[in-house]
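Here the structure is laid out as structure tokens; the discussion comes afterwards.
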Amino acid sequence: MGLKILPVMLAACWSVSSVAAAVDKAALDTQIQQLEQLHQQYQSELQKLKQERMDYEESMDSDSIASLKAMMDRVHIFGFFRAKYDHDDREPIGSGANNKHFYMDLEGKMKVSEDWSANFQIETRKGYTVTQSWRKGDNGSSDQDGTLQRIWVEGRPGGVGVTLGTKWWGYGFQAVPFGHAADGVQLDYDVLPGWNAKAFWLRPRQGDLVTMPNSSDISIAGANLTGSLTDDLQTSLTFATNDNKNDDQKMDRMGAFELQYRLTDDILLRGAFAMTNAEHHNTSQEYRIDYKDTDLAQVGSYGLYFRYIDFRRYGDYSHDDEWGSLPSDAKGGILGVKYVLFKNVVWENFYSVQERFRSGGSDAGAYRHLFRTQIDFHF
5 MGLKILPVML
15 AACWSVSSVA
25 AAVDKAALDT
35 QIQQLEQLHQ
45 QYQSELQKLK
55 QERMDYEESM
65 DSDSIASLKA
75 MMDRVHIFGF
85 FRAKYDHDDR
95 EPIGSGANNK
105 HFYMDLEGKM
115 KVSEDWSANF
125 QIETRKGYTV
135 TQSWRKGDNG
145 SSDQDGTLQR
155 IWVEGRPGGV
165 GVTLGTKWWG
175 YGFQAVPFGH
185 AADGVQLDYD
195 VLPGWNAKAF
205 WLRPRQGDLV
215 TMPNSSDISI
225 AGANLTGSLT
235 DDLQTSLTFA
245 TNDNKNDDQK
255 MDRMGAFELQ
265 YRLTDDILLR
275 GAFAMTNAEH
285 HNTSQEYRID
295 YKDTDLAQVG
305 SYGLYFRYID
315 FRRYGDYSHD
325 DEWGSLPSDA
335 KGGILGVKYV
345 LFKNVVWENF
355 YSVQERFRSG
365 GSDAGAYRHL
375 FRTQIDFHF
């Protein structure tokens with residue numbers, strides 16, 4: 005009996021085991037299916053998160069780039085470094101060793117708004133000789149270390165140009181009537197196409213200008229009109245008045261007339277005549293011819309020029325003396341050449357012979373011989 009029931013019991017166990025196995029496999033398949041569904045869901049969510057991160061990073065990069073670009077657009081820095089050597093006569097006929105120096109001009113233009121900008125200029129001059137009379141109390145290089153000598157704002161609200169502050173001011177095509185630093189304010193307006201009118205008030209910052217004595221004690225008020233007579237011919241007219249305390253300044257009125265004519269594509273002619281109401285030695289003249297010109301981006305480009313000057317002692321307010329090469333009370337000529345050695349690097353050389361002090365003095369009629377060579381690195 006026992007042996008007969010054994011097969012039945014084994015069959016029953018096998019049946020139960022098979023059912024259990026089938027149940028476990030079905031559950032396992034269900035779990036696997038659920039895990040695969042979860043994996044797909046998580047994978048989808050993961051892709052979404054990765055895309056969101058990429059979009060965020062791109063947005064941050066775009067914002068950073070836009071912010072940096074906006075900041076860069078608000079600030080413009082430019083200028084040049086110069087190495088200069090003069091072979092000149094002794095003072096006062098020439099400038100002696102005063103103009104052997106390294107020099108940097110650093111300028112900045114910072115955008116305030118669409119109509120206004122704030123500006124600065126830093127000039128640093130380091131003489132490499134020890135006989136520099138323009139240094140007061142020290143022949144070394146401790147001064148002129150790059151302070152902000154000039155600060156001003158420029159704007160054009162409503163089409164009217166406004167300039168206010170301390171800067172270098174130049175009037176005319178060659179800065180013969182005035183080319184010097186001063187505190188001041190200027191308004192300008194385009195009265196006609198190609199014509200601009202200026203009204204200015206200036207307070208010079210030095211005791212003696214190139215021409216006018218004791219200039220820091222007075223103020224200058226005037227007007228300038230510059231425009232085109234034809235496509236190739238331009239003119240500039242300047243008139244100004246000034247204080248004349250006890251006749252220290254020797255003058256109280258000045259006028260100037262200038263022309264600029266493009267003779268050919270390569271030849272430019274310029275002429276300037278200024279006159280004050282000083283009793284004697286009251287005219288200044290400069291005539292210049294340029295053949296070709298330099299292009300900082302074009303290596304090998306060059307320009308040749310000749311200048312004739314006749315600056316009487318009180319002939320203008322303060323023409324630009326160009327580092328002592330154009331003093332007052334001087335008559336003579338300058339022959340020069342400029343050449344682009346490398347991109348943004350210009351080499352200039354000129355030779356000048358000038359008769360000095362025609363107004364009188366111990367060196368009256370003495371001749372000055374000046375050779376200058378300088379290399380400018382523009383940035």
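The sequence shown lines up with residues 5 to 383 when you count with the numbering used here. Just so you know, even glycine gets a beta-carbon here, dropped at the ideal spot from N, CA and C. Owing to the predicted nature of the structure, the values given are computational and were not obtained by experimental measurement.
E99 burial status per 10 Å Cβ neighbour count (16 or more: buried): Before going on, a small fix: residue 99 reads as Ser here, not Glu. It counts as buried.
Closest residue to G340 among K296, D333, F315 and G198 (Cα-Cα distance): K296
DSSP-derived helix/strand/coil call for L233: coil
N-terminal and C-terminal residue of the beta strand (DSSP E) that H373 is part of: Y371 to H382
One or two residues paired with P208 in a DSSP bridge: A186
When D221, G188, S68 and E262 are compared against S232, the one with the closest alpha-carbon: E262
Backbone CA spacing between E127 and D325 [nearest angstrom]: 16 angstroms
Nearest-angstrom beta carbon gap, F82 and F383 [assumed within contact, 8 angstroms]: 7 angstroms
Whether G165 touches D192 by CB criterion (8 angstroms): yes
Simplified DSSP assignment, three categories, for D147: Its pLDDT being 45, under 50, D147 is placed unreliably by the model, and the measurement read from it follows with that caveat. Looking at D147 - three-state DSSP - the assignment turns out to be coil, as it is neither helix nor strand.
Exposed unless 16 or more other CB atoms sit within 10 angstroms - verdict on F375: exposed
G211 classed as buried or exposed, judged by whether at least 16 other C-beta atoms fall within 10 angstroms: exposed
Backbone secondary structure at L110 - three-state DSSP: strand
heavy atom of the ligand GTP below 7 angstroms from R209 C-beta: What this structure holds is no ligand at all, so the ligand GTP is not there to describe.
Rounded C-alpha distance that separates S305 from E118: 36 angstroms
P208 versus S223: straight-line alpha-carbon distance, rounded: 7 angstroms
DSSP bridge partner residues for N2 (one or two, in chain order): Residue 2 cannot be examined here, being either before or after the span of the chain that is shown, 5 to 383.
Inter-residue CB distance, V349 and G336 (contact presumed, cutoff 8 angstroms): So it is not a contact: roughly 29 angstroms between Cβ atoms.
Short Cβ contact (8 angstroms threshold) for F315 with L330: yes
Euclidean distance between Cα positions of Q38 and M58: 30 angstroms
Spatial neighbours of W172 in its chain, beta-carbon cut-off 6 angstroms, leaving aside the 5 residues before and after: A185
Cβ separation of L287 and A278, assumed to be a contact under 8 angstroms, to the nearest whole Å: The question names Leu, yet the displayed sequence has Thr at residue 287. Right, the Cβ-Cβ distance comes to about 7 angstroms (below 8 angstroms), so this counts as a contact.
Spatially closest choice to G364 from V344, L42, T239 and H284, by CA coordinates: H284
Distance between P197 and M258 (C-alpha atoms, nearest Å): 27 angstroms
Nearest-angstrom Cα separation, counted from G112 out to H43: 60 angstroms
Limits of the beta strand (DSSP E) - the one that Q253 falls within: No beta strand (DSSP E) contains Q253, which DSSP labels as neither H nor E.
For K88, the three-state DSSP class (helix, strand or coil): strand
Check whether R362 and R372 have beta carbons under 8 angstroms apart: no
Buried versus exposed, by CB contacts within 10 Å (16 or more), K29: exposed
Pick from Q302, T298 and R317 that is closest to L308, judged by C-alpha positions: T298
Beta-carbon gap between K347 and L300 smaller than 8 angstroms: yes
DSSP state of Y318 mapped onto helix, strand, coil: coil
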